[in-house]
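Student:
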Amino acid sequence: MTTTRLSSALRCAGAVRTMILTGELLPGEKIRQEDLAARLDMSRIPVREALSTLESEGVIVHRPNMGYEVARFSSEDLDEIYLMRRLLETELVRSVDLAAVDVAEFEQLNATLAATSIDDQREEFDHANERFHFRLFEYSPLLRVREEIARLWRLSTFYRSLSWNGPGSQARVLAEHDRIIEAIRAQDTAAVIATCDEHRGSTQDLVVGRVSRQRANGSATRAH
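First residue of the sequence shown? That's 4 in the numbering used here, and the numbers climb one at a time after it.
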């Protein structure tokens, strides 16, 4: 894929996520490739690639003979995804030799997050946030577990983005990362697991509330 096409696909994916986050596209609403391409002034090839990416993340679904539509997000799905993440990520952290972890690297990764706008650079912020967490996972010898966690992260990408709407979101993420870093510095495995659980849990609580409101707003809109 060329750099230009990749950039267009990323721009399209980001635009669709924004439309869903703002309620411009509602759960269950159809997404027509030709309309989206015209709206974003791009060819249908990057649009098709963007929709494929969003489908892999669980943001949209594809139905045979019907095309793409916005997924109907549910707190029940989120609970299962985060349950699996908690179990697997805990085992991954337990397998890490914290004495071998470069703490300065994590401080730099969090500094990169601090310099990336959660509002204006959402894609870049998501990638930097993921890099922070997966850098720790990379110290684990459990490759297959890490691959499964990566799959669950893709499934929860949109849910995670919901937690970043609203004042104080970036400061919360950075502060929680700082606590994880301090636990790593202390080489305290139990503390790393606990701070990661708190970080994951705060995100989950925020998202559950916003998914519930989104579903309620969608139902109210369709009722009118």
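Each residue gets a CB set at the ideal place from its N, CA and C atoms; glycine is no exception.
1. Between A118, R138, D122, which lies nearest to A107 when the distance is taken from Cα to Cα?
2. Report the residue ranges of all alpha helix (DSSP H) runs contained in full by the region 146 to 196; include only those spanning at least 4 residues, in chain order.
3. Tell me, please, which residues DSSP counts as bridged to H65.
4. For E72 and L145, which I take to be in contact (beta-carbon distance under 8 Å), what is that distance rounded to the nearest angstrom?
5. Quick check: the Cα distance between G31 and R75, rounded to an integer number of angstroms?
6. So for I84, helix, strand or coil by DSSP?
7. If you draw a straight line from the alpha carbon of A41 to that of C15, how long is it in whole angstroms?
8. Would you call the region 151 to 164 and the region 82 to 89 in contact, with 3 or more CB pairs under 8 Å?
9. Rounded to whole angstroms, what is the Cα-Cα separation between D208 and R125?
10. In angstroms with no decimal places, state the Cα-to-Cα distance between C199 and I183.
11. Assess contact between the region 127 to 135 and the region 98 to 118, defined as three or more Cβ pairs (one per stretch) separated by less than 8 Å. Is contact present?
12. E60: buried (16+ other C-beta within 10 angstroms of its C-beta) or exposed?
13. Note down the Cα distance separating A197 from I121, rounded to an integer number of angstroms.
14. Out of V50, E141, Q36, which has the shortest C-alpha to C-alpha gap to E92?
15. Taking the DSSP output, what are the residues bridged to I34?
16. Kindly list the residues whose CB is nearer than 7 Å to the CB of T224, restricted to its own chain and excluding five residues on each side of it in sequence; keep chain order.
17. Here's the rule I'm using: 16 or more other beta-carbon atoms within 10 Å means buried, otherwise exposed. How should A53 be labelled?
Tutor: Inspection of the coordinates gives the following:
1. Counting from one through the sequence shown, the residue named residue 107 turns up at place 104. The shortest Cα separation from A107 among A118, R138, D122 belongs to R138.
2. Secondary structure within the region 146 to 196: the alpha helix (DSSP H) runs of 4 or more consecutive residues, fully enclosed, are 146 to 158, 160 to 165, 172 to 188 (chain order).
3. Residue mapping note: residue 65 aligns to position 62 of the sequence shown, counting from 1. Residue pairing of H65 in beta bridges, as defined by DSSP: Y71.
4. Within the sequence shown, numbered from 1, the residue matching residue 72 stands at position 69. Within the sequence shown, numbered from 1, the residue matching residue 145 stands at position 142. 36 Å between Cβ atoms; not a contact.
5. Taking the sequence shown and counting its residues from 1, one reaches residue 31 at position 28. Taking the sequence shown and counting its residues from 1, one reaches residue 75 at position 72. The straight-line gap from Cα to Cα measures roughly 6 Å.
6. Numbered from its first residue, the sequence shown carries residue 84 at position 81. Three-state DSSP puts I84 in a helix.
7. In the sequence shown, the residue the question calls residue 41 occupies position 38. In the sequence shown, the residue the question calls residue 15 occupies position 12. Distance between the alpha carbons of A41 and C15: 11 Å.
8. Yes: at least three Cβ pairs fall under 8 Å.
9. As a working note, residue 208 is residue 205 in the sequence shown. As a working note, residue 125 is residue 122 in the sequence shown. Approximately 20 Å, taken between the alpha carbons.
10. Walking along the sequence shown from the start, residue 199 turns up at place 196. Walking along the sequence shown from the start, residue 183 turns up at place 180. Between C199 and I183, the C-alpha separation is close to 7 Å.
11. Result yes; three or more Cβ-Cβ pairs closer than 8 Å.
12. Taking the sequence shown and counting its residues from 1, the one referred to as residue 60 is at position 57. With 16 or more Cβ atoms within 10 Å of its Cβ, E60 is classed as buried.
13. Looking up residue 197 in the sequence shown gives position 194. Looking up residue 121 in the sequence shown gives position 118. Taking the CA atoms as reference points, A197 sits about 25 Å from I121.
14. Locating residue 92 in the sequence shown gives position 89, where the first residue counts as 1. The residue from V50, E141, Q36 with its alpha-carbon nearest to that of E92 is E141.
15. The residue labelled residue 34 in the question sits at position 31 within the sequence shown. Partner(s): Y71.
16. Working through the sequence shown from its first residue, we reach residue 224 at position 221. Here T224 scores only 49 on pLDDT, less than 50, and its place in the model should not be relied on; the value that follows carries that caveat. Cβ neighbours of T224 within its own chain (closer than 7 Å, five residues either side excluded): L29.
17. Within the sequence shown, residue 53 is the residue found at index 50, counting from 1. In the assembly as shown, A53 is a buried residue. Its beta-carbon has 16 or more other beta-carbons within 10 Å.
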